[in-house]
Amino acid sequence: YKETYAPVVSWATVRLMLILECMLGLKSCQADVECAFLHGHLEEGEEIYMHMPRGFKQEGKCLRLKRSLYGLKQAPRAFHTYLVKALEKQGMKQSHLDPCLFIGDKVVAVTFVDDCLFWAKDEKDINELLVRLRSDEEHGLLLEKEGDAAGFLGVDLKKKNGQVEMTQTGLIDRIITALGLEGGGHYPKATPASHKPLVRDTDGVAAEGAFSYSSVVGMLLYLAGHSRPDIAYAVNCCARYMFSPRKSHEEALIRIGLYLKGTRDKGLILTPNSSVLNVEAFPDADFGGLYGHEHPSDPACVKSRTGFVIKVANCPVLWKSQLQSSKTALSTMEAEITALAHCCRELFPLIDMVKSLSQVYGLEEQAAEMKVSIHEDNAGALLLAQTLPPQFTPRSKWYHIETVWFREEIVKRGIKLMKICTTEQLGDIFTKGLSKDVFQTLRKKLMGW
Numbered sequence: 223y224k225e226t227y228a229p230v231v232s233w234a235t236v237r238l239m240l241i242l243e244c245m246l247g248l249k250s251c252q253a254d255v256e257c258a259f260l261h262g263h264l265e266e267g268e269e270i271y272m273h274m275p276r277g278f279k280q281e282g283k284c285l286r287l288k289r290s291l292y293g294l295k296q297a298p299r300a301f302h303t304y305l306v307k308a309l310e311k312q313g314m315k316q317s318h319l320d321p322c323l324f325i326g327d328k329v330v331a332v333t334f335v336d337d338c339l340f341w342a343k344d345e346k347d348i349n350e351l352l353v354r355l356r357s358d359e360e361h362g363l364l365l366e367k368e369g370d371a372a373g374f375l376g377v378d379l380k381k382k383n384g385q386v387e388m389t390q391t392g393l394i395d396r397i398i399t400a401l402g403l404e405g406g407g408h409y410p411k412a413t414p415a416s417h418k419p420l421v422r423d424t425d426g427v428a429a430e431g432a433f434s435y436s437s438v439v440g441m442l443l444y445l446a447g448h449s450r451p452d453i454a455y456a457v458n459c460c461a462r463y464m465f466s467p468r469k470s471h472e473e474a475l476i477r478i479g480l481y482l483k484g485t486r487d488k489g490l491i492l493t494p495n496s497s498v499l500n501v502e503a504f505p506d507a508d509f510g511g512l513y514g515h516e517h518p519s520d521p522a523c524v525k526s527r528t529g530f531v532i533k534v535a536n537c538p539v540l541w542k543s544q545l546q547s548s549k550t551a552l553s554t555m556e557a558e559i560t561a562l563a564h565c566c567r568e569l570f571p572l573i574d575m576v577k578s579l580s581q582v583y584g585l586e587e588q589a590a591e592m593k594v595s596i597h598e599d600n601a602g603a604l605l606l607a608q609t610l611p612p613q614f615t616p617r618s619k620w621y622h623i624e625t626v627w628f629r630e631e632i633v634k635r636g637i638k639l640m641k642i643c644t645t646e647q648l649g650d651i652f653t654k655g656l657s658k659d660v661f662q663t664l665r666k667k668l669m670g671w
């Protein structure tokens, strides 16, 4: 074999389908493929042999595999190839925007290895598709129907009154237990991160090691990426020190745990505000946020941070918080342009996905809007991003290529770049530690609580 890669569905796609479920009252169903990796066929010319199982042994003979087995590196890819053929045979077309999104005349499906979600206006259409998938002799699937999609990959989906609340209370409980915060005597925090940046603290007190730092960060990354964008900035800061944590980093994790303990039952609430699939992006940057806090000899002390969130029908679909590690911005405008470019790389495919699904369900789509903070230091980025043909100052012409490509796309796609008040800039929650009042105001707009 030469290839082992097998894709899984993007959570942005899953959230987008949940938004459509709320807007259109779609019926949903979850199904699991039993013995999934045993379905896949090995590639032609691939020879894998195994010992004969007990009770079937014949002297001097072994078995040559025709299908994949659990434990083979190529098994996930072989199963995905088989699954695509099975779904396409039933009239489901694989999306070129997400290889795990399949669109049919009446049913839409997403797959994450052997876990499948189906949506349709009539549940009867889903049931008929499942029957056909089970009964096909050449590309059949051992599908087990699990009822309405009330949970997916550890994320609970509570549906009520035209909205979906995504929660992970079980994972939060595991995090709290791992940090030793269960029981009384631990008072919740109002925010997950201090307003002071988290630095490397090389000369600080050594980590106590009362818990597995990397394990807790791993759980927090899964939580922040699926249902709790409010902790994305704090978790990303802690994740930078996975291999050399100090006591200050452990205390930062404990602070996140105390914040989660006070908001254990909360999650991301998706409440579409209209029947129009409008797309909004909120990119922001924190220019040299670690400067003056990190040790001057550390190259990271001059790095800026990118943060953004993309909303569809006023519901968060995609978000990110990370250092601009590939380059060092030399001005606030450059940091903002870099954040804008990073956001555009995620925004453009998402816009195409929204258009594709809106055509399937006959929904109206609006021109996407990109909201940029009204800070004076952002005025240059706003002007630079809107101008065609390109105009450059001596300070900005050297990063010509980075800016030109997304400005052309912005004009071609009819995206509106709009000024926005600082207090309304949702990207702010992904770039720095905020005061309690500001954090809770932005969290309300982002999370719905």
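Residues in the sequence shown are numbered consecutively from 223, following our numbering. Note that beta-carbon positions come from the ideal geometry of N, C-alpha and C, so glycine has one too.
Around the beta carbon of TRP627, a 10 Å sphere encloses fewer than 16 other beta carbons of the protein chains shown; the residue is thus reported as exposed.
In this structure, SER526 places its C-beta atom within 8 Å of the C-beta atom of ALA551. The DSSP assignment places complete beta strand (DSSP E) segments of no fewer than 3 residues inside the region 455-510 at 490-492 and 501-508, in order along the chain. Following the DSSP letters along the chain, one finds ILE642 in no alpha helix (DSSP H) but inside the beta strand (DSSP E) bounded by residues 638-642.
The beta carbon of LEU264 is closer than 7 Å to those of ILE270, LEU287, LYS288, ARG289, SER290 and ALA300 in its chain, skipping five residues each way along the sequence. Every alpha helix (DSSP H) stretch that sits fully inside the region 248-327 and reaches 4 residues is listed by chain position as 297-311. For LYS667, no beta strand (DSSP E) encloses it; the enclosing alpha helix (DSSP H) starts and ends at 658-669. By the C-beta criterion, the region 641-651 is judged not to be in contact with the region 459-477, since fewer than 3 inter-stretch pairs fall below 8 Å.
Under the rule that a run must span 3 or more residues, the beta strand (DSSP E) segments found entirely inside the region 320-408 read 323-325, 329-334, 337-342, 365-367, 377-382 and 385-389.
Between LEU480 and LEU562, the CB-CB gap reaches or exceeds 8 Å.
Sorting ASP327, ARG422, GLY514 and ALA415 by C-alpha distance to the C-alpha of TYR455 places ALA415 at the top.
Note: CYS244 is not bridge-paired with any residue in the DSSP secondary-structure output.
Remark: fewer than three beta-carbon pairs, one from each stretch, lie closer than 8 Å, so the region 503-510 and the region 420-430 are not flagged as touching. Per DSSP, ALA429 has no beta-bridge partner at all. In this structure, TRP671 keeps its C-beta atom at 8 Å or more from the C-beta atom of ILE394.
In the DSSP assignment, PRO571 falls within the unbroken alpha helix (DSSP H) covering 554-583. The Cβ atoms of THR389 and SER449 lie closer than 8 Å to each other. Judged by DSSP in its simplified three-state form, LEU420 adopts coil rather than helix or strand. Of the candidates TYR409, GLU225, ILE532 and LYS381, the residue whose Cα lies closest to the Cα of PRO571 is ILE532. Distance from SER543 to ALA371 at the Cβ level is roughly 28 Å; contact not present, criterion being Cβ atoms closer than 8 Å.
CA-to-CA, the gap between GLU243 and ILE397 works out to about 31 Å.
Taking the C-beta atoms as reference points, LEU363 is found nearer than 8 Å to LEU355. For GLU630, the three-state secondary structure derived from DSSP is helix. The region 426-446 makes no contact with the region 640-648; the number of CB pairs closer than 8 Å stays below 3. Taking the Cα of GLY447 as reference, the smallest distance to any Cα among LYS666, ALA228, TYR227 and ALA234 is reached at ALA234. The residue from ILE325, PRO451 and PHE530 with its alpha-carbon nearest to that of TYR583 is ILE325. According to DSSP, GLU586 shares a beta bridge with VAL498.
For VAL438, the uninterrupted alpha helix (DSSP H) run begins and ends at 435-448, by DSSP. Sequence-distant Cβ neighbours of VAL306 in its own chain, meaning closer than 7 Å and more than five residues away, are GLN316. In the structure shown, PRO229 falls within a coil segment according to DSSP collapsed to helix, strand and coil. Contact check for ARG665 against ASP452 passes: the beta carbons are separated by less than 8 Å. No Cβ-Cβ contact shorter than 8 Å links VAL498 with VAL534. Across the set LEU475, GLU586 and CYS523, the C-alpha of LEU475 shows the shortest separation from the C-alpha of GLU430. For the options GLN385, PRO419, CYS565 and LYS634, the alpha carbon positioned closest to that of GLY511 is the one of PRO419. Inclusion of PHE509 and CYS565 in the CB contact set at 8 Å is not warranted, their separation being larger than that value.
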